[in-house]
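Student: Under our numbering, think of the first position of the sequence shown as 40, with each following residue one higher.
Where a beta carbon is used, it is the ideal one built from N, C-alpha and C, also for glycine.
Quick caveat, the model's predicted, so the values are computed rather than measured.
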Amino acid sequence: MKKIIFILTCLSTLGGHLVAQNPKWFKKAAKAQISIVTMNEKGDMLQSGSGFFIDKNGTALADYQLFKQASKAKVVSGEGKEYEVEAIVGVSSLYDLVKFRVKTDKDTPALTISDRMGVKHEHVYVLPYPTKENKMCVNDTLHDIQKFNEKYGYYTLGRPLDEKYLNSPVMDEEGEVLGMIQRKANASATTSYAVSVAYGNTLCTNGMSSADNDLNAIHIRKALPADEADIRTFLFMTAARSDSATYNQYLNDYAEQFPKSSEPYTQRADFYMAHGNYAAAEEDMNAAMDVAEKKDEVYYAFSKLLYELNLKPGYTVYKDWDMNKSLSLAGEAYKQNPLPLYTLQEGNTLYALKDYEKAFEKYLSLTGTNMRSANLFLYAAQCKRMAGADTLQILALQDSAVACFSKPYLKDAAPALLERSNTLLALGRYRDAILDLNEYEHLMGDELTAYFYYRREQAEMQCRMFQQAVDDIDRAIRMEPKEPLYHAERAVVYYRIGEFAEALSSAKKSAELNPEFGDAYRLMGICQLKLNRREEGLAHLKKAAELGDESAQAILQSEEAGNGEKP
Numbered sequence: 040m041k042k043i044i045f046i047l048t049c050l051s052t053l054g055g056h057l058v059a060q061n062p063k064w065f066k067k068a069a070k071a072q073i074s075i076v077t078m079n080e081k082g083d084m085l086q087s088g089s090g091f092f093i094d095k096n097g098t099a100l101a102d103y104q105l106f107k108q109a110s111k112a113k114v115v116s117g118e119g120k121e122y123e124v125e126a127i128v129g130v131s132s133l134y135d136l137v138k139f140r141v142k143t144d145k146d147t148p149a150l151t152i153s154d155r156m157g158v159k160h161e162h163v164y165v166l167p168y169p170t171k172e173n174k175m176c177v178n179d180t181l182h183d184i185q186k187f188n189e190k191y192g193y194y195t196l197g198r199p200l201d202e203k204y205l206n207s208p209v210m211d212e213e214g215e216v217l218g219m220i221q222r223k224a225n226a227s228a229t230t231s232y233a234v235s236v237a238y239g240n241t242l243c244t245n246g247m248s249s250a251d252n253d254l255n256a257i258h259i260r261k262a263l264p265a266d267e268a269d270i271r272t273f274l275f276m277t278a279a280r281s282d283s284a285t286y287n288q289y290l291n292d293y294a295e296q297f298p299k300s301s302e303p304y305t306q307r308a309d310f311y312m313a314h315g316n317y318a319a320a321e322e323d324m325n326a327a328m329d330v331a332e333k334k335d336e337v338y339y340a341f342s343k344l345l346y347e348l349n350l351k352p353g354y355t356v357y358k359d360w361d362m363n364k365s366l367s368l369a370g371e372a373y374k375q376n377p378l379p380l381y382t383l384q385e386g387n388t389l390y391a392l393k394d395y396e397k398a399f400e401k402y403l404s405l406t407g408t409n410m411r412s413a414n415l416f417l418y419a420a421q422c423k424r425m426a427g428a429d430t431l432q433i434l435a436l437q438d439s440a441v442a443c444f445s446k447p448y449l450k451d452a453a454p455a456l457l458e459r460s461n462t463l464l465a466l467g468r469y470r471d472a473i474l475d476l477n478e479y480e481h482l483m484g485d486e487l488t489a490y491f492y493y494r495r496e497q498a499e500m501q502c503r504m505f506q507q508a509v510d511d512i513d514r515a516i517r518m519e520p521k522e523p524l525y526h527a528e529r530a531v532v533y534y535r536i537g538e539f540a541e542a543l544s545s546a547k548k549s550a551e552l553n554p555e556f557g558d559a560y561r562l563m564g565i566c567q568l569k570l571n572r573r574e575e576g577l578a579h580l581k582k583a584a585e586l587g588d589e590s591a592q593a594i595l596q597s598e599e600a601g602n603g604e605k606p
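1. Give me the Cα-Cα distance between Gly119 and Leu345, rounded to the nearest whole angstrom.
2. Rounded to whole angstroms, what's the CA-CA distance from Phe275 to Lys450? Just pull it up for me.
3. Return the Cβ separation of Ile512 and Arg529 in integer angstroms, given the expectation that the two are a contact with Cβ distance under 8 Å.
4. So for Glu215, helix, strand or coil by DSSP?
5. In chain order, what residues of the same chain lie with their CB nearer than 6 Å to the CB of Leu392, ignoring the 5 residues before and after it?
6. Taking only the alpha-carbon atoms, compute the straight-line gap between Ala550 and Ser439 and give it to the nearest angstrom.
7. Quick check on Ser439: does DSSP put it in helix, strand or coil?
8. Would you grab the beta carbon distance between Ala489 and Ala515 for me? Rounded to a whole angstrom, and I think it's under 8 Å.
9. Determine the DSSP secondary structure at Phe556, reduced to helix, strand or coil.
10. So, are the CB atoms of Leu290 and Gly129 less than 9 Å apart?
11. Where does Gly88 sit, in a helix, a strand or coil, going by DSSP?
12. Does the structure place the stretch 357-372 close enough to the stretch 330-339 that three or more beta carbon pairs sit under 8 Å?
13. By a C-beta neighbour count over all protein chains shown, 10 Å radius and 16 as the cutoff for buried, is Ala99 buried or exposed?
14. What is the rounded straight-line gap between the Cα of Ala380 and the Cα of Tyr402?
15. Counting along the chain, where does the beta strand (DSSP E) carrying Phe139 start and finish?
16. How is Met210 classed by DSSP in three states: helix, strand or coil?
17. For the beta strand (DSSP E) holding Val177, just list the boundary residues, first then last.
18. Would you check if the stretch 71-90 and the stretch 99-113 touch, i.e. whether three or more CB-CB distances between them fall below 8 Å?
19. With DSSP as the reference, label Met410 as helix, strand or coil.
20. Three or more beta-carbon pairs under 8 Å between the stretch 109-116 and the stretch 74-89, yes or no?
21. Taking the straight line between their C-alpha atoms, what separation do you get for Lys41 and Lys63?
22. Quick check on DSSP: helix, strand or coil for Met247?
23. Going by DSSP, which residues form a beta bridge with Ile152?
24. Cutting at 8 Å between CB atoms, please list the residues of its own chain near Val305, excluding the five before and the five after it.
25. Would DSSP call Phe45 helix, strand or coil?
26. Under a three-way DSSP split, which group does Phe162 fall into?
27. For Asp329, which option in Tyr311, Ser301, Ile127, Gly97 has the closest C-alpha, if you only look at C-alpha atoms?
28. Do Tyr479 and Ala498 have their beta-carbon atoms positioned less than 9 Å apart in this structure?
29. Run through DSSP, which three-state label would Gln72 get?
30. By the three-class DSSP mapping on this structure, what secondary structure does Thr98 have?
31. If you count every other CB in all the chains shown that lies within 10 Å of the CB of Arg494, and 16 or more means buried, which is it?
32. Please state if the CB of Tyr232 and the CB of Leu196 are separated by a distance shorter than 9 Å.
33. If you follow the alpha helix (DSSP H) that Tyr534 is in, where does it begin and where does it stop?
34. Tell me whether the beta-carbon of Ser131 lies closer than 9 Å to the beta-carbon of Val137.
35. Going by the beta-carbon positions, is the gap between Ile75 and Lys261 smaller than 9 Å?
36. For the candidate residues Gly239, Asp201, Asn240, Thr241, whose alpha-carbon lies nearest to that of Ala228?
See the structure below:
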């Protein structure tokens, strides 16, 4: 660290065309200049350089390459004060710029950014980082100006400058900063370049910044966007990418940035609940209620948090934070503002409390609102199923769910079709179930599982659609070749169509995959009986019976009585 501080406070002498006397604003401007050292996660130095503050809140500019791959950074101001870089505000790899903020509780000296673009041939001063050996400005002129982004200047200076001038501010006669010296394109360059500081000041994060590769190449925490909606998007996108401590700091920044909004407190309460810090979560929920203009939104948010918390395995109830409390909060939200969304939350909590009839009433009541959807009918159907209602009642609700969609169906109809197919199978309406399963297959495509084909094959067998059944069970096996159940089912299919040798082959494969699978030995036995291999067949039936297969025992008894058996 001593080495780092030494580098920060003792920069080398800079060459150039020095003025005979510095402008009157020089000393004040020099205080805004900073030296910078970037470090890796272990604290080892990566690079050193310079930059300058552009506002009193500790916001500064430097070159992007200086910060790339850095996990930490420290700066020392022209006044000798040391600061820690706390956040990256924005970057531009194209213009080699980084805007960052240091941690400070006092105003920092800063350069004043000119509100105009420089003009060609304008006299300017280049301010080197001041040292004992070098306290003089460099005279220069704006040799050429290229406008970019409609109002910003990319400046060509009249003479080359040493690399040690990198990131030095380019000032006008009034002491306002126009540009920042850029890295030389090559060692033999006869000119120097500066990029607009006004442009650098526009750099900022937005809702999608967590996916910005240039920002992510710097491992220092990012500043939150200025807009609250963007912050919510940023936090959502960042949650999976950040470690717990960094994400917690983002939530703290959000609360500090928008102290009168309830959202940062409810989001941070969610974080605390997830980490078992219920006292802190309670404090934040109280704070959210204190600042909220719309109390119903906080009641609803609190209800959802407690609902999810109580569904979490291993949760030990904190104070009165149980599912009944969640229901009460949802009801309070509805009293404050009778929105259908709050009724849905009541339905969800009632279902979790196993009060299926009341949950059914809540869900069904919503089908007459602007929230009407297939899912509501499916939720209501599930309530009836859990309450032990007649299967035809369940089917009627699922019919209503499917009726929410029109043909040709889109993918969002898939859950309703699948649920109805299961009920149709339970009712023995196999052909109707197959129609729904065919629609489901068309919608889901490559997302289908082996179990889907196994289920449809069983329905096809009931309808004597043997070729379709063969195709489906073969498809299931291709998807999960090591599942003994599917090989056993293939044996059943081929037995039913009289292909006993093929059925025996599948049964053997099933037994190889699971030597304790009684069904496989039973199927081997009955196939061998059909192939007139009675001794082997009886041996395998006995093996199945020993494994607890009652059907095998019945077949053995039937064989002893001289009657054949089906699988």
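Tutor: This is what the structure gives:
1. Those two C-alpha atoms are separated by around 51 Å.
2. In this structure, the straight-line span from the alpha carbon of Phe275 to that of Lys450 is close to 25 Å.
3. Confirmed, Cβ separation roughly 5 Å.
4. DSSP places Glu215 in the strand class (E or B) of the three-state scheme.
5. Contacts found: Met362.
6. Each residue's Cα considered, the two are about 44 Å apart.
7. Reduced to three states, the DSSP call for Ser439 is helix.
8. About 4 Å; that satisfies the 8 Å criterion.
9. Assigned with DSSP and collapsed to three states, Phe556 falls in coil, not helix or strand.
10. Contact: no.
11. Correct three-state label for Gly88: strand.
12. Proximity of the stretch 330-339 to the stretch 357-372 meets the contact definition, three or more beta-carbon pairs being nearer than 8 Å.
13. Counting Cβ neighbours within 10 Å, Ala99 comes out buried, since at least 16 surround it.
14. Sequence inspection shows Leu at residue 380; the Ala mentioned does not correspond to that position. In a straight line, the C-alpha of Leu380 is about 11 Å away from that of Tyr402.
15. The continuous beta strand (DSSP E) containing Phe139 extends over residues 136-141.
16. Strand at Met210.
17. From DSSP, the beta strand (DSSP E) with Val177 extends over 177-187.
18. At 8 Å Cβ cutoff, the stretches touch.
19. In the structure shown, Met410 sits in coil (DSSP, three-state: anything other than H, G, I, E or B).
20. For the pair of segments examined, the stretch 109-116 was found to touch the stretch 74-89: the number of CB pairs separated by less than 8 Å reaches three.
21. Residue placement at Lys41 is poorly supported in this model, since its pLDDT is 48, which falls under 50; the coordinates still yield a value, given next. Roughly 34 Å between the two C-alpha positions.
22. Met247: coil per DSSP, three-state reduction.
23. Ile152 has Val216 as its beta-bridge partners, per DSSP.
24. Rather than Val, the amino acid found at residue 305 in this sequence is Thr. Listed in chain order, the non-local C-beta contacts of Thr305 below 8 Å within the same chain comprise Asp323, Met324, Ala327, Val337, Ala340, Phe341, Leu344, local neighbours out to five positions each way being set aside.
25. At Phe45 the pLDDT is 45, less than 50, meaning the model places this residue with poor confidence and gives no usable figure here.
26. For the sequence presented, residue 162 should be read as His rather than Phe. Per DSSP, reduced to three states, the secondary structure at His162 is strand.
27. Of the listed residues, the one whose Cα sits closest to Asp329 is Ser301.
28. The answer is no: Cβ separation not under 9 Å.
29. In the structure shown, Gln72 sits in a strand (DSSP, three-state: E or B).
30. Of the three classes helix, strand and coil, the one that applies to Thr98 here is strand, per DSSP.
31. The residue is buried, with at least 16 neighbouring Cβ atoms inside 10 Å.
32. In this structure, Tyr232 lies closer than 9 Å to Leu196 by Cβ.
33. Per DSSP, Tyr534 belongs to the alpha helix (DSSP H) from 523-535.
34. For the 9 Å CB-CB criterion, Ser131 and Val137 form a contact.
35. No, the Cβ-Cβ distance between Ile75 and Lys261 is not below 9 Å.
36. Relative to Ala228, the option among Gly239, Asp201, Asn240, Thr241 whose CA is nearest is Asp201.
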